[in-house]
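Q: Add 1 to a position in the sequence shown, counting from 1, and you land on the number used in the numbering used here. Just so you know, even glycine gets a beta-carbon here, dropped at the ideal spot from N, CA and C. Only a predicted model underlies this, so the values are computations on that prediction, with no experimental measurement involved. Below: one structure in structure tokens.
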Amino acid sequence: MVACMAFLSMNAHGQTCNSTNYEPNNSVTTPATFQFDYPMEAAIIGTDVDYYKITVPTFGELSITLAGFSQDLDLELLTLSGASFTSSAQTSGVYESINWHVPGGPNYYLVKVSAKSNAANSCYQLFGTFTSGVCTPNNNYEPNESSTSPAIIYMYNNIVDKIGSSTDVDWYQFSTYSGNTLYRIYLNNPGADYDMELYTTGTGGPVASSSYYGVGNEFITFNGTGPATYKIRVSQKIPGQYNLACYTLRIQESYVNGNSRTGNNSSASSITTLYPNPASSNDLVYLSFAESSGTANVQILGCSGNVISNQSVDVADGVGILKLNNLQAGVYLIKTDSYTSKLIVK
2 MVACMAFLSM NAHGQTCNST NYEPNNSVTT PATFQFDYPM EAAIIGTDVD YYKITVPTFG
62 ELSITLAGFS QDLDLELLTL SGASFTSSAQ TSGVYESINW HVPGGPNYYL VKVSAKSNAA
122 NSCYQLFGTF TSGVCTPNNN YEPNESSTSP AIIYMYNNIV DKIGSSTDVD WYQFSTYSGN
182 TLYRIYLNNP GADYDMELYT TGTGGPVASS SYYGVGNEFI TFNGTGPATY KIRVSQKIPG
242 QYNLACYTLR IQESYVNGNS RTGNNSSASS ITTLYPNPAS SNDLVYLSFA ESSGTANVQI
302 LGCSGNVISN QSVDVADGVG ILKLNNLQAG VYLIKTDSYT SKLIVK
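Now the structure itself:
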């Protein structure tokens, strides 16, 4: 990265960003070290390209978010030699994100941040988490149990934590930067009957909640009215009924400006993301669509192309739910008329 000690700019948060010279080398051979669970702030100046080296000790899930930029930047995951694994290169928005399944360890990757138009002058924040494939009992992402000291989390990151005692309550804080945008919060694989609530930073009760009965996923949909800060509370429905297995928390945009990105059609087929992936055999898989509403014909195929399931999925607010119905562990294809993607069931 070009030296930017004197570079002062406004980032997408509307904040003044005085970036440090975090990654000065612009080379795959001399990358900066990537720090998990810590927002790294840097800048792209001119034709600058930033590289970061990631080290993961074992198999698990890697999640990386690029945010806070004022000009269009792209995010890419590479091999150490610079070959591309996957990328995130939206044409608009204030986030880029990558979620990657690490098959074993130790493993090493490069993260590349660059300008979409080959030149930019913009600060950014880079944040990442790695979740081991084995959920250890001491996994405690949010240890404080207090709304006054919540764990800071970021959009599109998979946050893995647990309820560790009969009195444990987990609090998280995150920020939205886009006005009139619909967001979804997912609480997946809780292992026990948990509730989820959404608060503003002001006083008063929750502005939204999800409290389905039984052991299952929870989700909240809410409309962000502009740059704002929110808090999430995850708690036991009945104190003492908890599970030391980890849950996964994730926040993402659903659609923009109260409309779909492509129009309000009676049929839907343009899936943009599916979550969780990998999934468990009895999970509900959330499908994000470019269409805001409609009905989608979604197939689950085996690797040989055989049809295992053919489901009619109702799409509301840009999201549909696919039932796995106790699929055996393995690799499957999720298919619509215009979309095909791999799904791993563990």
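1) Bridge partners for Leu199 per DSSP, in chain order?
2) From the DSSP output, in three-state form, read off Gln174 for me.
3) If you check the beta carbons only, do Thr80 and Trp101 fall under 8 Å apart?
4) What is the rounded straight-line gap between the Cα of Tyr96 and the Cα of Ala116?
5) Return helix, strand or coil for Glu292, following the three-state DSSP convention.
6) Could you have a look at Asn145 and say whether DSSP puts it in helix, strand or coil?
7) Give me the Cα-Cα distance between Ala269 and Pro228, rounded to the nearest whole angstrom.
8) Quick one: what does DSSP say Ala13 is sitting in, helix, strand or coil?
9) So, does the stretch 53-66 touch the stretch 144-153, judging by three or more C-beta pairs under 8 Å?
10) With DSSP run on the structure shown, which of helix, strand or coil describes Asn189?
11) Suppose contacts are defined by Cβ-Cβ distances below 8 Å. Is Arg251 in contact with Tyr340 by that definition?
12) Could you pull the start and end residues of the beta strand (DSSP E) that Ile272 belongs to?
13) Indicate whether Phe175 and Met197 have their beta-carbon atoms separated by less than 8 Å.
14) Assuming Ala193 contacts Asn244 (C-beta within less than 8 Å), just tell me the rounded distance between them.
15) In or out: Pro107 buried (at least 16 other Cβ within 10 Å) or exposed?
16) Short of 8 Å in beta carbon distance, which residues of its chain neighbour Ser85, apart from the five on each side in sequence? Order them along the chain.
17) Residues in its own chain within less than 6 Å of Leu344 by CB, not counting five upstream and five downstream?
18) Please look up how many angstroms separate the CB atoms of Lys54 and Tyr109, rounded, as I've assumed it's under 8 Å.
19) With distance defined between alpha-carbon atoms, name the residue in Gly331, Asn307, Gln329, Asn218 nearest to Tyr287.
20) Work out the CA separation of Gln312 and Ser323 for me, nearest whole Å.
21) Give the range of the beta strand (DSSP E) segment to which Asp162 is assigned.
22) Do you know whose CA, among Ser310, Leu302, Ala317, Gly321, lies nearest Ser342's CA?
23) According to DSSP, simplified to helix, strand and coil, what is Gln329?
24) To the nearest whole angstrom, what separates the beta carbons of Ile45 and Ala121, a pair I think is in contact under 8 Å?
25) So for Asn100, helix, strand or coil by DSSP?
26) Could you tell me if Asp171 is buried or exposed, where buried requires 16 or more neighbouring beta carbons within 10 angstroms of its beta carbon?
27) Taking the C-alpha atoms as reference points, what is the distance between Ser294 and Asn27?
28) Could you check the C-alpha separation between Asp51 and Gln91 for me, to the nearest Å?
29) Less than 8 Å between the CB atoms is what I'm expecting for Phe37 and Phe131, so what's the real figure, rounded?
A: Looking at the atomic coordinates:
1) Position 198 of the sequence shown, counting from 1, holds the residue named residue 199. Answer by DSSP bridge pairing, in chain order: Ala209, Ile233.
2) Within the sequence shown, residue 174 is the residue found at index 173, counting from 1. In this structure, Gln174 counts as strand in the three-state DSSP scheme.
3) Reading the sequence shown from its first residue, position 79 is the one you call residue 80. Reading the sequence shown from its first residue, position 100 is the one you call residue 101. No, the Cβ-Cβ distance between Thr80 and Trp101 is not below 8 Å.
4) Indexing the sequence shown from 1 puts residue 96 at position 95. Indexing the sequence shown from 1 puts residue 116 at position 115. Distance between the alpha carbons of Tyr96 and Ala116: 13 Å.
5) Your numbering for residue 292 matches position 291 in the sequence shown. Coil at Glu292, not helix or strand.
6) Within the sequence shown, the letter at position 144 stands for residue 145. In this structure, Asn145 counts as coil in the three-state DSSP scheme.
7) Within the sequence shown, the letter at position 268 stands for residue 269. Within the sequence shown, the letter at position 227 stands for residue 228. In a straight line, the C-alpha of Ala269 is about 30 Å away from that of Pro228.
8) Here residue 13 corresponds to residue number 12 of the sequence shown, with the count starting at 1. Its pLDDT being 36, under 50, Ala13 is placed unreliably by the model, and the measurement read from it follows with that caveat. Coil at Ala13, not helix or strand.
9) no
10) Position 188 of the sequence shown, counted from the first residue, corresponds to residue 189. In this structure, Asn189 counts as strand in the three-state DSSP scheme.
11) The residue you call residue 251 lines up with position 250 of the sequence shown. The residue you call residue 340 lines up with position 339 of the sequence shown. Cβ distance not < 8 Å, so Arg251 and Tyr340 don't count as in contact.
12) Working through the sequence shown from its first residue, we reach residue 272 at position 271. Start and end: 272-276.
13) Here the question's residue 175 lines up with position 174 in the sequence shown. Here the question's residue 197 lines up with position 196 in the sequence shown. It is not a contact, given that the beta carbons lie outside the stated cut-off.
14) Position 192 of the sequence shown holds residue 193. Position 243 of the sequence shown holds residue 244. The Cβ separation is near 4 Å, so the contact holds.
15) Residue numbering aside, residue 107 sits at position 106 when the sequence shown is read from its first letter. Pro107 is exposed by the Cβ-count criterion.
16) Locating residue 85 in the sequence shown gives position 84, counting from the first residue. Glu77, Leu78, Leu79.
17) Along the sequence shown, one-based indexing puts residue 344 at 343. Only Asn278, Tyr333, Ile335 meet the Cβ criterion.
18) Along the sequence shown, read from residue 1 onward, the residue named residue 54 stands at position 53. Along the sequence shown, read from residue 1 onward, the residue named residue 109 stands at position 108. That pair is a contact at about 7 Å.
19) Locating residue 287 in the sequence shown gives position 286, where the first residue counts as 1. Checked all of Gly331, Asn307, Gln329, Asn218; the closest Cα to Tyr287 is Asn218.
20) Start at 1 with the first residue of the sequence shown, and residue 323 comes out as number 322. Start at 1 with the first residue of the sequence shown, and residue 312 comes out as number 311. A quick correction: the sequence has Leu, not Ser, at residue 323. Computed Cα separation, rounded: 8 Å.
21) For the purposes of this step, residue 162 is taken as residue 161 along the sequence shown, with counting starting at 1. Unbroken beta strand (DSSP E) run through Asp162: 160-162.
22) For the purposes of this step, residue 342 is taken as residue 341 along the sequence shown, with counting starting at 1. Closest by alpha carbon: Leu302.
23) Looking up residue 329 in the sequence shown gives position 328. Coil at Gln329, not helix or strand.
24) Residue mapping note: residue 45 aligns to position 44 of the sequence shown, counting from 1. Residue mapping note: residue 121 aligns to position 120 of the sequence shown, counting from 1. Correct: roughly 5 Å between the Cβ atoms.
25) For this step, residue 100 is matched to residue 99 along the sequence shown. Three-state result, Asn100: strand.
26) Here residue 171 refers to the residue found at position 170 when the sequence shown is read from its first residue. Label assigned to Asp171: buried.
27) For this step, residue 294 is matched to residue 293 along the sequence shown. For this step, residue 27 is matched to residue 26 along the sequence shown. Roughly 44 Å separates the two Cα atoms.
28) Counting from 1 along the sequence shown, the entry for residue 51 is found at position 50. Counting from 1 along the sequence shown, the entry for residue 91 is found at position 90. Rounded to whole angstroms, Asp51 to Gln91 spans 18 Å at the Cα level.
29) Numbered from its first residue, the sequence shown carries residue 37 at position 36. Numbered from its first residue, the sequence shown carries residue 131 at position 130. Correct: roughly 6 Å between the Cβ atoms.
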